[in-house]
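Colleague: Order-wise, the sequence lines are chains A and B. Take 1 as the starting number for the first sequence in my numbering and just add one per residue. Take 119 as the starting number for the second sequence in my numbering and just add one per residue. Just so it is clear, CB atoms sit at the ideal spot from N, CA and C, and this is done for glycine as well. None of the values given here were measured: they were computed from a predicted structure. Here it is, the structure, as structure tokens.
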Amino acid sequence: NAGVTQTPKFQVLKTGQSMTLQCAQDMNHEYMSWYRQDPGMGLRLIHYSVGAGITDQGEVPNGYNVSRSTTEDFPLRLLSAAPSQTSVYFCASSYRQARLMGMNTEAFFGQGTRLTVV
Amino acid sequence: SQQGEEDPQALSIQEGENATMNCSYKTSINNLQWYRQNSGRGLVHLILIRSNEREKHSGRLRVTLDTSKKSSSLLITASRAADTASYFCATAPMNTGFQKLVFGTGTRLLVSP
């Protein structure tokens, strides 16, 4: 059971380049999210999805796009990389707990992608 | 920013001692969770406490929640060198959806042998 898999682990981009960070989970989780982690800032939510075909913006969505065509995959696209997007990116997934309970469940995280934009 | 704050930012103790870290948050919540992050790795879930609970235990971990003060604490008893990591609280805000966890800024714990 691989859990949440992110690729690549490291990436260096030049300003203006585009790229896609891949995230895949094999736990049949409905919920998936992307966070960025910067020193002293904790994790900030970029985009999230509550199921295939449904995505929404988080706290810091500008400069990023997402799509969710399958339950398993949730890629994050950087449209035109900027130095301000230098960060560590984490993908997370979780179950949607019983609808009657309406409570969140624990999130499972990938190992992260360390991105540097020069 | 919606982020919570954690206190202290860094904590250095000896093996066998207890470690206490605190988390404050800003909005009403469904639940609060604690995660551990080893250097260069992803986050690992430790414990979840619901808004109607006041205290929860899991092994050497004890979590308290005071919703009137919008604060939580994580106590690690009898610390080990392997507990060295960063610890983050994360809240699931009320009425904002179930996948919008808001993370604190983290506490870096160093446990020396």
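Residue 13 of chain A versus chain B: which residues are under 9 angstroms apart at the beta carbon?
Modeller: Here residue 13 of chain A refers to the residue found at position 13 when the first sequence is read from its first residue. Chain B residues near residue 13 of chain A: none, gap ~20 angstroms exceeds 9 angstroms.
Colleague: Run the CB neighbour count on residue 132 of chain B, radius 10 Å, all protein chains shown included, and call it buried at 16 or more, exposed below.
Modeller: Taking the first residue of the second sequence as position 1, residue 132 of chain B is located at position 14. Burial call: exposed.
Colleague: Does residue 223 of chain B come within less than 9 angstroms of chain A when only Cβ atoms are used?
Modeller: As a working note, residue 223 of chain B is residue 105 in the second sequence. So, interface residue.
Colleague: Nearest-angstrom Cα distance between residue 174 of chain B and residue 113 of chain A?
Modeller: Within the second sequence, the letter at position 56 stands for residue 174 of chain B. Within the first sequence, the letter at position 113 stands for residue 113 of chain A. If you take the alpha carbons of residue 174 of chain B and residue 113 of chain A, they lie about 33 angstroms apart.
Colleague: Strictly by DSSP, which residues pair up with residue 17 of chain A?
Modeller: Here the question's residue 17 of chain A lines up with position 17 in the first sequence. Answer is none; residue 17 of chain A lacks a bridge partner.
Colleague: Check whether the segment 50-70 of chain A touches the segment 148-160 of chain B, taking contact to mean three or more Cβ pairs, one atom from each stretch, closer than 8 angstroms.
Modeller: no
Colleague: Answer yes if the segment 52-71 of chain A comes into contact with the segment 143-151 of chain B, meaning at least three C-beta pairs across the two stretches below 8 angstroms, and no otherwise.
Modeller: no
Colleague: Please identify the residue among A:54, A:13, A:15 and A:21 whose C-alpha is closest to the C-alpha of residue 91 of chain A.
Modeller: For the purposes of this step, residue 91 of chain A is identified with residue 91 of the first sequence, where counting begins at 1. Selected option, being the one with the closest Cα: A:21.
Colleague: Kindly say whether residue 40 of chain A, judged by its beta-carbon, lies nearer than 9 angstroms to any beta-carbon of chain B.
Modeller: For the purposes of this step, residue 40 of chain A is identified with residue 40 of the first sequence, where counting begins at 1. So, interface residue.
Colleague: Any beta carbon of chain A sitting closer than 9 angstroms to that of residue 132 of chain B?
Modeller: Numbered from 1 along the second sequence, position 14 holds the residue referred to as residue 132 of chain B. Chain A contact via Cβ: absent.
Colleague: Mind checking which residues open and close the beta strand (DSSP E) that includes residue 175 of chain B?
Modeller: Locating residue 175 of chain B in the second sequence gives position 57, where the first residue counts as 1. Residue 175 of chain B -> beta strand (DSSP E) spans 173-176.
Colleague: Whose Cβ in chain B lies nearer than 9 angstroms to the Cβ of residue 109 of chain A?
Modeller: The residue given as residue 109 of chain A occupies position 109 in the first sequence. Simply 153, 155, 159, 160, 161, 162 and 163.
Colleague: Give the interface partners of residue 90 of chain A over in chain B, defined as CB-CB distance under 8 angstroms, in chain order.
Modeller: Looking up residue 90 of chain A in the first sequence gives position 90. Within chain B, the residues whose beta carbon sits less than 8 angstroms from that of residue 90 of chain A are 160 and 161, listed in sequence order.
Colleague: Cβ closer than 7 angstroms: which chain A residues qualify as neighbours of residue 218 of chain B?
Modeller: For this step, residue 218 of chain B is matched to residue 100 along the second sequence. For residue 218 of chain B, the residues of chain A that pass the 7 angstroms Cβ criterion are 45, 48 and 58, in the order they occur in the chain.
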